[in-house]
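Each residue of the first sequence is one higher than the last, beginning at 15 in my numbering. Cβ atoms here follow ideal geometry from the backbone N, Cα and C, with glycine treated the same way. This one's a predicted model, so the numbers in the text were calculated from it and none came from an experiment. All remarks here apply to the structure that follows.
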Amino acid sequence: MQYKKRTHTCGELRASDAGKNVTLTGWVDFQRDLGGVIFIVVRDRYGKTQVVFNPKNNSQLHQQAAGLRSEDVISVSGKVNHRPDGMINPNMPTGEIDIAVEELTIITKSDVPPFAITDDVNASEELRLQYRYLDLRRSPLQKNFLIRHQMYQITRKYYDELNFIEVETPILMKSTPEGARDYLVPSRVHHGKFYALPQSPQTYKQLLMVAGMDRYFQIVKCFRDEDLRADRQPEFTQIDVEMSFVDEEDIYQVTEGLMKRFFKEIKGIEIQTPFPRLTYKDAIETYGSDKPDTRFDLRFTQVNELVQDSGFKVFADVVKKGGVVAGFVAPQCANYSRSQLDLLTDLAKKMGAGGLVWMKVTAETVESPIEKFIGKEVLLAVKNKMKATSGDLILLISDSWMKTYSILGNLRLEIAKRLNLLDDSKNNLLWVTDFPMFEYDENDKRYVAVHHPFTSPKIDDLPLLDSDPSKARARAYDLVLNGNEIAGGSIRIHDRTLQSKVFTLLGIDEEHAKKKFGFLLEAFRYGAPPHGGIAYGFDRICMLLTGEKSIRDVIAFPKTTSAMSLMDESPSEVDEAQLKELHIKLV
RNA sequence: GGGGUCGUAGUUCAGUUUGGUUAGAACGUCUGCCUGUCACGCAGAAGGUCGCGAGUUCGAGUCUCGUCGGCCCCGCCA
Numbered sequence: 015m016q017y018k019k020r021t022h023t024c025g026e027l028r029a030s031d032a033g034k035n036v037t038l039t040g041w042v043d044f045q046r047d048l049g050g051v052i053f054i055v056v057r058d059r060y061g062k063t064q065v066v067f068n069p070k071n072n073s074q075l076h077q078q079a080a081g082l083r084s085e086d087v088i089s090v091s092g093k094v095n096h097r098p099d100g101m102i103n104p105n106m107p108t109g110e111i112d113i114a115v116e117e118l119t120i121i122t123k124s125d126v127p128p129f130a131i132t133d134d135v136n137a138s139e140e141l142r143l144q145y146r147y148l149d150l151r152r153s154p155l156q157k158n159f160l161i162r163h164q165m166y167q168i169t170r171k172y173y174d175e176l177n178f179i180e181v182e183t184p185i186l187m188k189s190t191p192e193g194a195r196d197y198l199v200p201s202r203v204h205h206g207k208f209y210a211l212p213q214s215p216q217t218y219k220q221l222l223m224v225a226g227m228d229r230y231f232q233i234v235k236c237f238r239d240e241d242l243r244a245d246r247q248p249e250f251t252q253i254d255v256e257m258s259f260v261d262e263e264d265i266y267q268v269t270e271g272l273m274k275r276f277f278k279e280i281k282g283i284e285i286q287t288p289f290p291r292l293t294y295k296d297a298i299e300t301y302g303s304d305k306p307d308t309r310f311d312l313r314f315t316q317v318n319e320l321v322q323d324s325g326f327k328v329f330a331d332v333v334k335k336g337g338v339v340a341g342f343v344a345p346q347c348a349n350y351s352r353s354q355l356d357l358l359t360d361l362a363k364k365m366g367a368g369g370l371v372w373m374k375v376t377a378e379t380v381e382s383p384i385e386k387f388i389g390k391e392v393l394l395a396v397k398n399k400m401k402a403t404s405g406d407l408i409l410l411i412s413d414s415w416m417k418t419y420s421i422l423g424n425l426r427l428e429i430a431k432r433l434n435l436l437d438d439s440k441n442n443l444l445w446v447t448d449f450p451m452f453e454y455d456e457n458d459k460r461y462v463a464v465h466h467p468f469t470s471p472k473i474d475d476l477p478l479l480d481s482d483p484s485k486a487r488a489r490a491y492d493l494v495l496n497g498n499e500i501a502g503g504s505i506r507i508h509d510r511t512l513q514s515k516v517f518t519l520l521g522i523d524e525e526h527a528k529k530k531f532g533f534l535l536e537a538f539r540y541g542a543p544p545h546g547g548i549a550y551g552f553d554r555i556c557m558l559l560t561g562e563k564s565i566r567d568v569i570a571f572p573k574t575t576s577a578m579s580l581m582d583e584s585p586s587e588v589d590e591a592q593l594k595e596l597h598i599k600l601v
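As structure tokens, this is what we get:
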């Protein structure tokens with residue numbers, strides 16, 4: 015197919031180009047056939063330009079143009095004209111001109127597309143995913159990918175300037191215990207053996223530090239075979255970073271620098287550094303989350319002392335058992351109806367709460383269904399401690415420390431949504447620090463690492479590893495933006511003995527540790543520098559910078575919530591012969 | 001694994017509460033008319049496995065059960 019190559023893109027011609035002979039290539043965006051004159055809007059990645067076919071000039075050409083339909087690919091040549099007076103379209107950047115076509119090549123015809131390629135999308139996400147290449151033609155998605163591209167460039171430039179080197183690590187690696195479910199890849203050469211796709215390049219980047227690379231980064235795909243969410247895909251992209259001879263402050267500083275650039279170069283916003291910091295304990299006790307959304311307050315207050323000796327047995331028992339009675343004030347929600355309160359109670363119960371206690375604060379008094387048990391005095395004391403005023407609604411939960419605060423955390427977000435407190439113009443970044451080393455897994459009856467098994471404990475807490483591991487804090491940190499975890503990392507263990515000890519605490523015996531992580535322990539015999547790092551959730555940051563609600567909108571070919579690709583229909587069955595070669599039998 | 005919600009024309013939806021004539025609308029598509037439109041306009045036409053499968057019923061888009069798929073959430077995500 016012979017066609018004229020473009021001299022300009024569809025977004026660049028202006029009034030000053032009038033008189034030029036140009037060629038544009040692109041897709042037919044829209045056709046307006048007035049019987050005589052025909053207007054076609056041609057679209058490419060850069061914009062849209064209107065071209066005109068007039069039967070007076072060339073009737074054969076005009077007839078050809080009458081057959082053009084949406085999404086046909088064409089090449090048009092002609093002269094750039096100033097539009098006549100009153101015909102300028104102020105809504106189009108190229109609206110002052112159009113092109114009087116002298117030559118048209120229909121390069122490819124298009125079938126009628128299953129949905130219209132328009133900015134304000136009309137089709138369901140299901141259909142858009144099935145025809146993702148058409149969805150990606152839409153300008154809002156193209157803009158997202160332009161921002162994603164900028165993020166890649168900013169990241170590489172930034173770390174390069176700071177003397178980091180980009181190193182690729184294997185995609186086929188050893189399956190390791192701990193953490194997320196692995197995606198497995200069978201080995202053809204070695205019967206019955208499997209590679210795993212990396213959940214993260216964690217061990218490799220630590221080995222690169224042992225190798226003396228000193229400062230490493232990589233923009234890298236990671237894979238986790240877990241259930242999906244709006245902000246979670248089974249394959250996703252991280253900016254992976256590791257540095258030698260550093261402590262937490264070095265990591266914070268380097269990370270804050272990159273975030274500053276993202277915001278400045280992509281959104282034109284100066285963000286303040288250093289970012290605020292909150293310990294894990296404070297984050298949970300104040301906001302009920304280890305990734306608190308600090309764009310609004312609705313902070314929690316603990317009222318154990320006020321209710322422990324009151325007549326309300328539920329509260330008294332919880333305090334006696336070492337639990338927590340706490341709550342927060344929903345401002346001006348005292349007018350909530352019974353059914354609205356029931357909905358909140360249901361939400362709390364779904365999270366595992368025994369119930370939800372509410373108190374309505376009026377000018378004269380405090381109303382609550384538990385008044386008959388707890389007494390008016392205690393109600394007033396709670397009201398005063400929580401600084402509630404007339405018209406407010408107090409919500410209280412009583413349970414174990416973790417349960418109380420996490421349920422309150424969810425209620426807090428629900429109330430914030432109802433009160434419209436989520437201000438998208440705010441960009442609240444903060445560090446959450448001092449995570450615990452371990453949490454107890456009730457199913458497996460053992461400790462599991464909160465971050466990962468290579469995370470260093472705080473030096474002050476080393477004795478706790480022997481006495482009470484559950485109280486030991488880790489040198490781990492997360493970066494949070496408006497309630498989203500966008501990065502996380504830690505200072506690692508570089509001492510073989512300490513690493514072995516942590517493995518033991520995690521219930522990984524010496525033999526098992528040697529089998530699974532022997533290569534890392536072995537490496538630590540030959541001079542491991544102190545090191546630490548961080549990994550950013552690239553897709554999540556991109557989602558937040560583009561203002562999207564799902565990372566699917568910043569991933570070119572995403573999976574559905576059941577981990578399927580609707581376009582190419584993966585996963586799919588494979589030939590018997592392929593299975594045979596891999597020595598795999600389906601059961 | 002669990003909870004919620006949705007699935008009807010190419011597309012977006014109405015109709016399902018209370019089973020009953022030929023399942024509607026808008027956009028799109030097709031045909032004709034129309035020489036400066038830009039959501040062009042006007043006239044007309046075609047277009048349906050009501051996701052799929054059982055069941056109840058004289059009769060099911062509508063009721064019941066199962067199943068598949070989309071989205072949101074809990075669990076899970078070192």
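Ignore the nearest five residues each way along the sequence and tell me which others in Ile-505's own chain have a CB closer than 7 Å to its CB. Along the first sequence, read from residue 1 onward, the residue named residue 505 stands at position 491. Closer than 7 Å at the Cβ level, and outside the excluded window around Ile-505, lie Asp-261, Glu-262, Ser-470, Arg-489 and Gly-546.
Kindly indicate the opening and closing residues of the alpha helix (DSSP H) around Glu-525. Here residue 525 refers to the residue found at position 511 of the first sequence. Where Glu-525 is concerned, the enclosing alpha helix (DSSP H) stretches over 524-537.
Going by CA-CA distance only, name the one from Leu-320, Leu-355 and Gly-325 that's closest to Ala-340. By one-based count along the first sequence, residue 340 stands at place 326. Closest option to Ala-340, Cα to Cα, is Leu-320.
Between Leu-155, Gln-74, Glu-249 and Gln-220, which has its C-alpha nearest Gly-541's C-alpha? Taking the first sequence and counting its residues from 1, one reaches residue 541 at position 527. The shortest C-alpha separation from Gly-541 is found at Gln-220.
Can you round the beta-carbon distance between Gln-247 and Thr-183 to whole angstroms, since I take them to be within the 8 Å contact cut? Here residue 247 refers to the residue found at position 233 of the first sequence. Here residue 183 refers to the residue found at position 169 of the first sequence. That belief does not hold up - the Cβ atoms of Gln-247 and Thr-183 are roughly 20 Å apart, past 8 Å.
On a CA-only basis, which of Ile-168, Asn-68, Leu-75 and Arg-97 is nearest Ser-89? Give me that one, please. For this step, residue 89 is matched to residue 75 along the first sequence. The residue with the shortest Cα to Cα distance from Ser-89 is Leu-75.
Does the stretch 113-121 touch the stretch 82-99, meaning 3 or more C-beta pairs lie closer than 8 Å? yes
Straight-line gap, Glu-256 to Lys-459 (C-alpha atoms, nearest Å): Here the question's residue 256 lines up with position 242 in the first sequence. Here the question's residue 459 lines up with position 445 in the first sequence. Cα-Cα distance, rounded: 33 Å.
Helix, strand or coil at Asp-632 [DSSP, three-state]: This structure gives no information on residue 632, because the portion of the chain shown stretches from 15 to 601.
For a quick check, are the C-beta atoms of Leu-14 and Phe-159 less than 8 Å apart? Nothing about residue 14 can be reported from this structure: the residues present for the chain run from 15 to 601 only.
Euclidean distance between Cα positions of Asn-68 and Ala-79: The residue given as residue 68 occupies position 54 in the first sequence. The residue given as residue 79 occupies position 65 in the first sequence. If I take the Cα positions, the gap works out to 10 Å.
When you compare only the Cα positions, how much space is there between Leu-393 and Ala-367? Taking the first sequence and counting its residues from 1, one reaches residue 393 at position 379. Taking the first sequence and counting its residues from 1, one reaches residue 367 at position 353. Taking the straight line joining both Cα atoms gives about 21 Å.
Let's see if you can read the secondary structure: which residues bound the beta strand (DSSP E) around Lys-305? Within the first sequence, residue 305 is the residue found at index 291, counting from 1. It is not in any beta strand (DSSP E) - Lys-305 carries neither H nor E in the DSSP assignment.
Near Ile-429, which residues of its chain fall below 6 Å by C-beta distance, leaving aside the five closest residues on each side in sequence? Mapped onto the first sequence, residue 429 falls at position 415. Contacts found: Ala-344.
When you compare only the Cα positions, how much space is there between Lys-70 and Lys-157? For the purposes of this step, residue 70 is identified with residue 56 of the first sequence, where counting begins at 1. For the purposes of this step, residue 157 is identified with residue 143 of the first sequence, where counting begins at 1. Distance between the alpha carbons of Lys-70 and Lys-157: 39 Å.
Which residues does DSSP pair with Asn-95 in a beta bridge? Walking along the first sequence from the start, residue 95 turns up at place 81. Asp-112.
Cut-off 8 Å between Cβ atoms - residues of its own chain near Leu-520, not counting five sequence neighbours on either side: The count along the first sequence starts at 1 and reaches residue 520 at position 506. Once the five neighbours on either side are set aside, the close Cβ partners of Leu-520 are Glu-192, Phe-452, Arg-460, Tyr-461, Val-462, Ala-463 and Pro-467.
Check whether the Cβ atoms of Arg-313 and Phe-342 sit closer than 8 Å, and answer yes or no. Reading the first sequence from its first residue, position 299 is the one you call residue 313. Reading the first sequence from its first residue, position 328 is the one you call residue 342. It is a contact, given that the beta carbons lie within the stated cut-off.
Nonlocal neighbours in the same chain, by C-beta distance under 7 Å from Arg-146, ignoring five residues either side: The residue you call residue 146 lines up with position 132 of the first sequence. Answer for Arg-146: Phe-571 and Met-581, listed in chain order.
Short Cβ contact (8 Å threshold) for Ala-194 with Arg-238: Taking the first sequence and counting its residues from 1, the one referred to as residue 194 is at position 180. Taking the first sequence and counting its residues from 1, the one referred to as residue 238 is at position 224. Against a cut-off of 8 Å, the Cβ pair of Arg-238 and Ala-194 comes out as a contact.
Does DSSP put Ser-579 in a helix, in a strand, or in coil? By one-based count along the first sequence, residue 579 stands at place 565. Note: Ser-579 maps to strand in three-state DSSP.
Can you give me the start and stop residues for the beta strand (DSSP E) that Glu-139 sits inside? Residue mapping note: residue 139 aligns to position 125 of the first sequence, counting from 1. Unbroken run through Glu-139 is the alpha helix (DSSP H), 139-144; no beta strand (DSSP E).
Under the three-state DSSP convention, the category Gly-206 falls into: The residue you call residue 206 lines up with position 192 of the first sequence. It is coil, neither helix nor strand.
Could you give the distance in angstroms between the alpha-carbon of Pro-585 and the alpha-carbon of Leu-242? Translated into the one-based positions of the first sequence, residue 585 becomes position 571. Translated into the one-based positions of the first sequence, residue 242 becomes position 228. If you take the alpha carbons of Pro-585 and Leu-242, they lie about 15 Å apart.
Tell me the residue span of the alpha helix (DSSP H) that contains Met-273. The residue labelled residue 273 in the question sits at position 259 within the first sequence. Counting along the chain, the alpha helix (DSSP H) containing Met-273 begins and ends at 262-276.
In or out: Ile-598 buried (at least 16 other Cβ within 10 Å) or exposed? Numbered from 1 along the first sequence, position 584 holds the residue referred to as residue 598. It is exposed - the Cβ of Ile-598 has fewer than 16 other Cβ atoms within 10 Å.
At 4 residues or longer, and completely inside the stretch 460-502: list those alpha helix (DSSP H) runs for me, N to C. 478-481
According to DSSP, simplified to helix, strand and coil, what is Met-165? The residue labelled residue 165 in the question sits at position 151 within the first sequence. Reduced to three states, the DSSP call for Met-165 is helix.
Can we say the stretch 167-182 touches the stretch 587-594, given the rule of at least three CB pairs closer than 8 Å? no
Residue environment, Thr-217, which counts as buried when at least 16 other CB atoms sit within 10 Å: Residue numbering aside, residue 217 sits at position 203 when the first sequence is read from its first letter. Buried, since its Cβ has 16 or more Cβ neighbours within 10 Å.
Among Glu-525, Leu-407, Glu-499 and Leu-143, which has the Cα closest to the Cα of Glu-583? The residue given as residue 583 occupies position 569 in the first sequence. Closest option to Glu-583, Cα to Cα, is Leu-143.
Could you give the C-beta distance for Val-375 and Ala-395, rounded to a whole number, given that I count them as a contact under 8 Å? The count along the first sequence starts at 1 and reaches residue 375 at position 361. The count along the first sequence starts at 1 and reaches residue 395 at position 381. So it is not a contact: roughly 13 Å between Cβ atoms.
With 16 as the cutoff for other CB atoms within 10 Å, does Lys-447 come out buried or exposed? Residue 447 sits at position 433 when you count from the first residue of the first sequence. The sequence given here places Thr at residue 447; Lys does not occur at that position. So Thr-447 counts as buried.
Would you check if the distance between the CB atom of Ala-269 and the CB atom of Leu-535 is smaller than 8 Å? In the first sequence, residue 269 corresponds to position 255, counting from 1. In the first sequence, residue 535 corresponds to position 521, counting from 1. In the sequence under discussion, the amino acid at residue 269 is Thr, which differs from the Ala named in the question. Cβ distance not < 8 Å, so Thr-269 and Leu-535 don't count as in contact.
Inter-residue Cα distance where the pair is Asp-245 and Val-203: Here residue 245 refers to the residue found at position 231 of the first sequence. Here residue 203 refers to the residue found at position 189 of the first sequence. Spanning the two alpha carbons is a distance of roughly 37 Å.
Around the C-beta of Thr-665, are 16 or more other C-beta atoms found within 10 angstroms, so that it is buried, or is it exposed? With the chain running from 15 to 601 in the structure shown, residue 665 is simply not present.
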